[in-house]
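Undergrad: Starting off with a structure, shown below.
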Amino acid sequence: MSAPRPANRGPGAARENRLALVAAATEVFAEQGIDAPLNAVAKRAGVGQGVLYRHFPDRVSLALAAFDTNVAEIETLSADPACGLDDLLRALTRQMIDSVAFVEIVTGADRDPRLEAIRERVRVALVGVVDQARRAGVLRPAVTADELMLAVGMIASLVAKVPEAERRPTAEAAWALLDRALRP
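Below, the structure written as C-alpha cells:
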C-alpha cells in the first residue's frame, strides 16, 4: 500500500511550495546532476508533479531558480573590491564540488537563452576580477574571462565524473595543473 498523499493546501501554499521546490531542486541536482528526474524533486519537496509544473514549466526554469543564489554569490564576491581572483576561484570550486549541476549549467553547451543569460552573468562577474588579477601580475596578460570560464568548465567536467569524496582533491589537482598555464 502506498503512503497517503499530503492534503492539497490550496493556492495559499503557493509561496511555501515554490520555496520547497527550489530547496529540493538544489539538493537533488547537487546529488544527481542536472538530468535528475523531476519527480524526485517534487517528492522531496512534498508536493505533486502538477505543483512543480505550475511553478516551473520546464527543467531549465527550475534549475535557474535553484542556482540563482550561486550566481548571486559570485556577483557579490566580484563586486567586493577586496575580492581577489583566488577568492572567486575558491567560491566557484566550492560550488562545483557541492553541486556539479550548477557548473554544468554555467559551462554547458545548451543554447537556451535563459542559460545563456546566467552564463553571461557569471562571465561578467569574472571580467573585473580577471582584469584586476592581470594588472596585479597574478594572471598572464593574455588570459581572458572567457578562458577562465573554459578552465572552470574543464575542471567541473572532471569533478562531475569522480565520486563525491574525490571531488575536492581532484579539483585542487586540476587547478594546480592549470595554474601553471594561467599564472606567470
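Residues in the sequence shown are numbered from -10 upward in steps of one, following our numbering.
Virtual Cβ for every residue (Gly too), placed ideally from N, Cα, C.
1) Buried or exposed, going by whether 16 or more other CB atoms sit within 10 Å of the CB of asparagine 28?
2) Is the CB-CB distance between arginine 100 and alanine 134 below 8 angstroms?
3) Alpha carbon to alpha carbon, what distance is there between aspartate 87 and glutamate 153?
4) Applying the 10 Å Cβ sphere with the 16-neighbour rule, what's the burial state of arginine 169?
5) Going by the CB atoms, is the gap between arginine 7 and valine 60 shorter than 8 angstroms?
6) Measuring CB atoms only, is the stretch 142 to 157 touching the stretch 102 to 109, in the sense that at least three cross pairs come out at less than 8 angstroms?
7) Return the chain-ordered list of same chain residues with a C-beta closer than 8 angstroms to the C-beta of glycine 22, the five sequence neighbours on each side being excluded.
8) Who are the near neighbours of arginine 123 in its chain, counting only those whose CB is closer than 7 angstroms to its CB and skipping five residues on each side?
9) Taking a contact to mean a Cβ-Cβ separation below 8 angstroms, would you say valine 17 touches alanine 25 in this structure?
10) Helix, strand or coil, according to DSSP, for glycine 22 in the structure here?
11) Nearest CA to the CA of methionine 143: which residue from Ala163, Arg33, Arg48, Gly73?
12) Run through DSSP, which three-state label would arginine 103 get?
13) So for valine 36, helix, strand or coil by DSSP?
14) Rounded to whole angstroms, what is the Cα-Cα separation between valine 118 and leucine 166?
15) If you follow the alpha helix (DSSP H) that valine 148 is in, where does it begin and where does it stop?
16) Using only the alpha-carbon positions, how far apart do leucine 51 and glycine 126 sit?
17) Suppose you measure from the CA of glutamate 64 to the CA of valine 40; what does that come to, to the nearest Å?
18) Check each candidate in Val36, Ala12, Ala68 and name the one with the smallest Cα separation from aspartate 57.
19) Can you give me the C-alpha to C-alpha distance between valine 49 and glutamate 62, rounded to a whole angstrom?
20) From cysteine 72 to glutamate 5, what distance separates their C-alpha atoms?
TA: According to the structure shown:
1) With fewer than 16 other beta carbons inside 10 angstroms of its own, asparagine 28 counts as exposed.
2) It is not a contact, given that the beta carbons lie outside the stated cut-off.
3) In this structure, the alpha-carbon of glutamate 153 lies about 9 angstroms from that of aspartate 87.
4) Its Cβ having fewer than 16 others within 10 Å, arginine 169 is exposed.
5) No.
6) They do not touch, by the three-pair rule.
7) Only Val89, Ala90, Glu93, Ala149 meet the Cβ criterion.
8) Within the same chain, arginine 123 has close Cβ partners Pro130, Val132.
9) Judged by beta-carbon spacing, alanine 25 lies within the 8 angstroms limit of valine 17, meaning their Cβ atoms are closer than that value.
10) Glycine 22 falls in the coil class under three-state DSSP.
11) Nearest neighbour of methionine 143 by Cα position, chosen from Ala163, Arg33, Arg48, Gly73, turns out to be Ala163.
12) In the structure shown, arginine 103 falls within a helical segment according to DSSP collapsed to helix, strand and coil.
13) In the three-state reduction of the DSSP assignment, valine 36 falls in the coil class.
14) Approximately 21 angstroms, taken between the alpha carbons.
15) Start and end: 134 to 149.
16) Looking at the two C-alpha atoms, the distance is approximately 40 angstroms.
17) Spanning the two alpha carbons is a distance of roughly 31 angstroms.
18) Nearest C-alpha to aspartate 57: Ala12.
19) So the alpha carbons of these two residues sit roughly 20 angstroms apart.
20) Rounded to the nearest whole angstrom, the CA to CA distance from cysteine 72 to glutamate 5 is 35 angstroms.
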